[in-house]
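S.K.: The structure that follows is given in the form of structure tokens.
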Amino acid sequence: MKKCFIFILLVLFCIHSSMAQITPNTKMGKPTDEEMSMTSYQADPDADAVLLYSSCVRYYTLTEKGFKIRSEHKGRIKILKESGKRFADRFLKYYDHEGDLYKEDIHGLKATAYNMEDGKLTKTKMTNDMEFRERLDKDYIQLKFTVPQVKVGTVIEYQYTEESDLFYIIDNWYGQFDIPVVLAEYDLTIPEYFLFHISDTGISKLTSKISKTNWTSSLAGGMLRCNATNYQYTAENMPAIRENKYISCARDYCAQVTAELKGINFPGTMQKNYTQSWDDIDKSLVGDSDFGGRIKKSNPLEQEMASLSFSDDTPIETRIAAVYTMLKSKVRWNGEYKLWARSASKILKDGTGSNADINFILISMLRNAGLEAYPIILSSRDKGVLPLTHPTMAHINTMVVGVMDGEKIHYIDGSVEDGFVDVLPDKLLVNRARLISDKGKGRWVDMQQSGDADTRIVITAEITETGALTGTAVIKRSRHAALETKHAFRMAKDSTEYVKRIETNENITISKYSQDGMHDFSPSVVETIEFSKSSDSNGYTIYVNPFIFKAVNESPFTAEQRILPVEFPFKQSISITETITIPDGMTVEELPKGVRLHSEDGMTDCRVMSSANGNTINLQYRFQLKKVFFLSDEYPTLRNIFEMLAEKGKEVIVLKRQ
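Sequence positions in the sequence shown follow our numbering and run 1 to 658.
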């Protein structure tokens with residue numbers, strides 16, 4: 001009987017394992033019955049699509065122009081849900097600098113949709129009119145293609161070849177995406193002439209095999225042969241790494257292979273080191289007419305700036321704010337983040353421009369005002385962290401302005417509408433950005449340290465005979481807390497809608513609302529709210545929840561485990577002081593219990609204190625988030641703190657009639 005029971009368990013385990021995985025199919029043009037019939041992915045029921053198979057074979061060739069890198073790509077995707085149809089539209093970006101002899105190109109593009117119709121397998125091929133190319137900027141072209149007849153249940157296959165004259169750059173290869181991966185293979189062969197440092201990173205482990213091989217290429221009737229190294233990487237049954245509110249760029253954590261060129265060593269010649277440094281990129285940008293040239297342009301608003309007068313005692317923040325305010329009265333942000341700028345005269349004529357367009361004019365204005373201003377290049381948080389060991393312009397997508405104040409740097413950007421000096425949109429608050437100096441060497445800066453949100457709330461209230469809690473709350477929000485509030489106010493249809501949203505979020509009724517600074521270019525905003533909040537009462541006992549505004553209403557961390565780190569947009573501090581008067585003839589039976597919650601490193605800290613003296617109740621609430629990045633092994637503590645904070649916010653004051 002015992003052996004039979006064990007046998008049944010083994011059978012059930014095998015059945016479960018077969019359901020959890022799908023048999024990898026590496027043959028293009030022949031989707032299997034299993035692939036066509038699958039309606040969900042057992043290992044990830046939420047997946048809207050699955051990468052069934054992908055292959056990248058990358059190797060060097062030799063042409064009349066010199067060495068090239070050829071990359072042959074193939075892939076197969078299963079569409080499981082309506083949202084998975086997004087994979088019918090694909091985007092491929094490649095380098096094509098105007099005037100540069102060394103370029104990239106994509107050709108041999110084919111795509112097919114496979115569907116089951118009336119029990120038969122049908123296929124629909126992509127036609128040439130479904131392929132589009134457009135120039136993104138001076139460096140890159142984007143190829144977009146659309147696969148036809150894609151619906152829930154479709155299997156998509158695609159293939160294309162990429163050729164690059166940039167033999168010294170090997171693009172990153174990814175074996176993990178925002179959908180699960182059944183099988184992905186990477187085959188890279190590098191001749192001995194090119195010395196690369198190859199590394200694989202990510203939270204999921206790749207299988208690798210490195211071996212010696214031969215490399216051969218023919219040119220003009222001759223043959224060139226040498227030793228080579230072959231790298232093979234396999235990603236199998238990879239879980240999806242999805243973007244979420246508490247991670248800036250999930251791609252940074254996907255399993256991937258990177259290659260950094262250390263040098264070139266041809267027979268009979270001295271080894272030449274090709275490792276590009278960030279200093280090299282600094283010099284290249286300063287020498288670029290569309291970047292360094294913009295820094296040196298004269299101030300187009302010099303006459304208008306004559307109306308601005310500053311004394312020697314005027315704080316630098318005030319000077320920056322005055323100059324920025326004048327500029328923004330002439331030109332508004334068009335919603336785009338860019339690195340390269342157009343001519344100042346065109347921007348001022350149009351009255352609109354990208355953040356880079358505005359920033360380069362701002363630099364000239366600030367310098368005209370006697371301030372030391374420089375461009376700071378970066379990769380926005382949603383695009384990933386700049387690599388220190390693999391310098392390349394491919395990772396840079398925008399810039400901000402840095403203004404020197406002794407050893408301190410102030411930050412401002414043309415996209416700022418609700419913030420202030422040093423109060424940037426959180427996507428720009430990166431911990432690794434590069435200040436480009438046209439007067440010396442560039443340097444790394446940490447803009448994340450300037451990001452913090454401070455909220456101070458003072459509440460004076462009373463509990464009425466019927467048990468209602470009524471009073472006034474004065475809320476002062478500073479820096480990024482003010483930015484978020486101003487943005488919410490500006491995005492609301494009107495002030496009525498904004499106030500209604502507060503009532504809904506805080507479960508109160510607002511009888512009077514006023515604000516100060518909501519439309520000002522300033523670092524803070526003050527709101528004054530007269531409110532009432534109902535409570536439970538049976539005539540003898542009153543139960544009142546005194547927490548009107550809380551740091552945490554509901555914990556956002558519901559999962560028991562998390563494989564990704566937790567990243568907040570900025571540091572935060574919330575302080576609430578509440579004084580409540582209770583009716584005569586009532587006594588305090590119970591108060592919210594005081595508590596101190598903190599992480600081991602002290603970077604997360606919360607204190608709740610309560611006391612009663614006569615007919616007065618005092619509550620104090622302090623919450624501090626002193627860092628923005630928490631490792632996955634810190635998640636259990638962070639989750640516990642947020643859960644306890646959410647529960648603490650539900651506690652009540654119990655009053656009884658004497």
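For each residue, glycine too, the CB sits at the ideal point set by N, CA and C. In this text the structure is predicted, and so the values were computed from the model without any measurement.
#1: Distance check for residue 639 and residue 327, CA to CA, integer angstroms please.
#2: Among the residues of its own chain, which have a CB less than 8 Å from the CB of residue 223, if the five just before and after it don't count?
#3: Should residue 648 be labelled buried (16 or more other beta-carbon atoms within 10 Å of its own) or exposed?
#4: In this structure, does DSSP put residue 136 in helix, strand or coil?
#5: So which of 107, 41 and 403 has the shortest CA-CA distance to residue 80?
#6: Rounded to a whole number of angstroms, what is the C-alpha to C-alpha distance between residue 245 and residue 382?
#7: Please report the distance separating the alpha-carbon of residue 2 from that of residue 21.
#8: Going by other Cβ atoms of all chains shown within 10 Å of its Cβ, with 16 needed for buried, is residue 465 buried or exposed?
#9: Assuming residue 371 and residue 401 form a contact by the criterion Cβ under 8 Å, report the distance between their Cβ atoms to the nearest whole angstrom.
#10: How many Å lie between residue 655 and residue 313 at the Cα?
#11: With distance defined between alpha-carbon atoms, name the residue in 168, 91 and 101 nearest to residue 146.
#12: Just the C-alpha distance for residue 87 and residue 151, rounded to the nearest angstrom, thanks.
#13: Mark residue 359 as exposed unless 16 or more other C-beta atoms lie within 10 angstroms of its C-beta, in which case mark it buried.
#14: Could you name the residues of the same chain whose beta carbon sits closer than 7 Å to that of residue 622, not counting the 5 residues immediately before and after it, in chain order?
#15: With 16 other CB atoms within 10 Å as the buried threshold, where does residue 480 fall?
#16: Using a threshold of 8 Å, state whether the C-beta atoms of residue 243 and residue 235 are closer than that.
#17: Would you check if there are 3 or more beta carbon pairs closer than 8 Å linking the segment 184-198 to the segment 117-130?
#18: Out of 583, 112, 57 and 446, which has the shortest C-alpha to C-alpha gap to residue 691?
#19: Please state whether DSSP places residue 71 in a helix, a strand or coil.
#20: Quick test of the definition: if touching needs 3 or more C-beta pairs under 8 Å, does the segment 482-497 touch the segment 532-546?
#21: Using DSSP with H/G/I as helix, E/B as strand and the rest coil, what is residue 477?
#22: Just list the alpha helix (DSSP H) runs in the segment 299-372, keeping only unbroken ones of 4 residues or longer that don't cross its boundaries, in chain order.
#23: Ignoring anything shorter than 4 residues, give me the alpha helix (DSSP H) runs that lie fully in the segment 492-536, in order along the chain.
#24: Roughly how far, in whole angstroms, is the beta-carbon of residue 189 from the beta-carbon of residue 228, given that I think they are within contact range, below 8 Å?
#25: Here's a check: name, in chain order, each residue in its chain whose Cβ is nearer than 7 Å to the Cβ of residue 566, leaving out the five neighbours to either side.
#26: Assign residue 429 to buried or exposed, taking buried as 16 or more other Cβ atoms, counted over all protein chains shown, within 10 Å of its Cβ.
#27: Residue 107 and residue 154: beta carbons closer than 8 Å?
#28: Tell me which residues share the same chain as residue 336 and place their Cβ nearer than 8 Å to its Cβ, disregarding the 5 neighbours each side in the sequence.
#29: Would you check if there are 3 or more beta carbon pairs closer than 8 Å linking the segment 517-525 to the segment 544-564?
#30: Three-state secondary structure (DSSP) at residue 10?
#31: Whole angstroms are fine: how far does the CA of residue 143 sit from the CA of residue 135?
#32: What are the start and end residues of the alpha helix (DSSP H) that includes residue 91?
#33: Please work out which residues of its chain come closer than 8 Å, Cβ to Cβ, to residue 68, disregarding the five sequence neighbours upstream and downstream, and give them in chain order.
#34: Express the C-alpha separation of residue 620 and residue 49 in angstroms, rounding to a whole number.
#35: Which complete beta strand (DSSP E) runs does the segment 204-277 hold, if anything under 3 residues is left out?
#36: In terms of residues, what are the limits of the beta strand (DSSP E) holding residue 429?
M.R.: According to the structure data:
#1: Within the sequence shown, the letter at position 327 stands for residue 327. Within the sequence shown, the letter at position 639 stands for residue 639. Straight-line Cα distance between these residues: approximately 44 Å.
#2: Taking the sequence shown and counting its residues from 1, the one referred to as residue 223 is at position 223. Cβ within range, chain order: 216 and 217.
#3: As a working mapping, residue 648 is identified with position 648 in the sequence shown. Residue 648 should be labelled buried.
#4: For the purposes of this step, residue 136 is identified with residue 136 of the sequence shown, where counting begins at 1. Note: residue 136 maps to coil in three-state DSSP.
#5: Your numbering for residue 80 matches position 80 in the sequence shown. Checking every option, the nearest Cα to that of residue 80 belongs to 41.
#6: Indexing the sequence shown from 1 puts residue 245 at position 245. Indexing the sequence shown from 1 puts residue 382 at position 382. Taking the straight line from one Cα to the other gives about 11 Å.
#7: Along the sequence shown, one-based indexing puts residue 2 at 2. Along the sequence shown, one-based indexing puts residue 21 at 21. Because the pLDDT of residue 2 is 44, which lies under 50, any placement of that residue in the model is unreliable, and the number read from its coordinates should be weighed accordingly. Rounded to the nearest angstrom, the two C-alpha atoms are 29 Å apart.
#8: As a working note, residue 465 is residue 465 in the sequence shown. The residue in question, residue 465, is exposed, as its Cβ has fewer than 16 Cβ neighbours within 10 Å.
#9: Residue 371 sits at position 371 when you count from the first residue of the sequence shown. Residue 401 sits at position 401 when you count from the first residue of the sequence shown. Contact doesn't hold; Cβ gap of about 10 Å is too wide.
#10: Residue numbering aside, residue 655 sits at position 655 when the sequence shown is read from its first letter. Residue numbering aside, residue 313 sits at position 313 when the sequence shown is read from its first letter. About 56 Å.
#11: Locating residue 146 in the sequence shown gives position 146, counting from the first residue. Among 168, 91 and 101, the Cα nearest to that of residue 146 belongs to 91.
#12: Here residue 87 refers to the residue found at position 87 when the sequence shown is read from its first residue. Here residue 151 refers to the residue found at position 151 when the sequence shown is read from its first residue. Answer to the nearest angstrom: the Cα atoms are 10 Å apart.
#13: Indexing the sequence shown from 1 puts residue 359 at position 359. By the 10 Å Cβ count, residue 359 comes out buried.
#14: The residue given as residue 622 occupies position 622 in the sequence shown. Correct list, in chain order: 575, 606 and 607.
#15: Position 480 of the sequence shown holds residue 480. Buried, because 16 or more other Cβ atoms sit within 10 Å of the Cβ of residue 480.
#16: Within the sequence shown, numbered from 1, the residue matching residue 243 stands at position 243. Within the sequence shown, numbered from 1, the residue matching residue 235 stands at position 235. No, the Cβ-Cβ distance between residue 243 and residue 235 is not below 8 Å.
#17: no
#18: Nothing can be reported for residue 691, as the shown portion of the chain is limited to 1 through 658.
#19: Start at 1 with the first residue of the sequence shown, and residue 71 comes out as number 71. Residue 71: strand per DSSP, three-state reduction.
#20: no
#21: Taking the first residue of the sequence shown as 1, we reach residue 477 at position 477. Here residue 477 sits in strand by DSSP.
#22: 316-328, 344-350 and 355-368
#23: 495-506
#24: One-based indexing of the sequence shown puts residue 189 at position 189. One-based indexing of the sequence shown puts residue 228 at position 228. Indeed they touch by this definition, with Cβ atoms about 5 Å apart.
#25: Taking the first residue of the sequence shown as 1, we reach residue 566 at position 566. Only 246, 630, 635 and 638 meet the Cβ criterion.
#26: Taking the sequence shown and counting its residues from 1, one reaches residue 429 at position 429. When all chains shown are included, residue 429 counts as buried.
#27: Numbered from 1 along the sequence shown, position 107 holds the residue referred to as residue 107. Numbered from 1 along the sequence shown, position 154 holds the residue referred to as residue 154. Their beta carbons are not under 8 Å apart, which means residue 107 does not touch residue 154 by this criterion.
#28: In the sequence shown, the residue the question calls residue 336 occupies position 336. If we look at residue 336 and ignore the five residues flanking it on each side, its Cβ neighbours are 354 and 355.
#29: no
#30: Locating residue 10 in the sequence shown gives position 10, counting from the first residue. Because the pLDDT at residue 10 is just 42, under 50, the model does not fix this residue reliably, and the value given afterwards should be weighed accordingly. Looking at residue 10 - three-state DSSP - the assignment turns out to be helix.
#31: Indexing the sequence shown from 1 puts residue 135 at position 135. Indexing the sequence shown from 1 puts residue 143 at position 143. So the two alpha carbons sit approximately 9 Å from each other.
#32: For this step, residue 91 is matched to residue 91 along the sequence shown. Taken as a continuous stretch (DSSP letters only), residue 91 belongs to no alpha helix (DSSP H), being part of the beta strand (DSSP E) at 89-95.
#33: By 1-based counting over the sequence shown, the position of residue 68 is 68. Within the same chain, residue 68 has close Cβ partners 60, 61, 62, 163, 164, 165 and 167.
#34: Here residue 49 refers to the residue found at position 49 of the sequence shown. Here residue 620 refers to the residue found at position 620 of the sequence shown. Cα to Cα, residue 49 sits roughly 49 Å from residue 620.
#35: 207-219, 222-238 and 256-264
#36: If you number the sequence shown from 1, residue 429 lands on position 429. That residue, residue 429, is in no beta strand (DSSP E); it is neither H nor E in DSSP.
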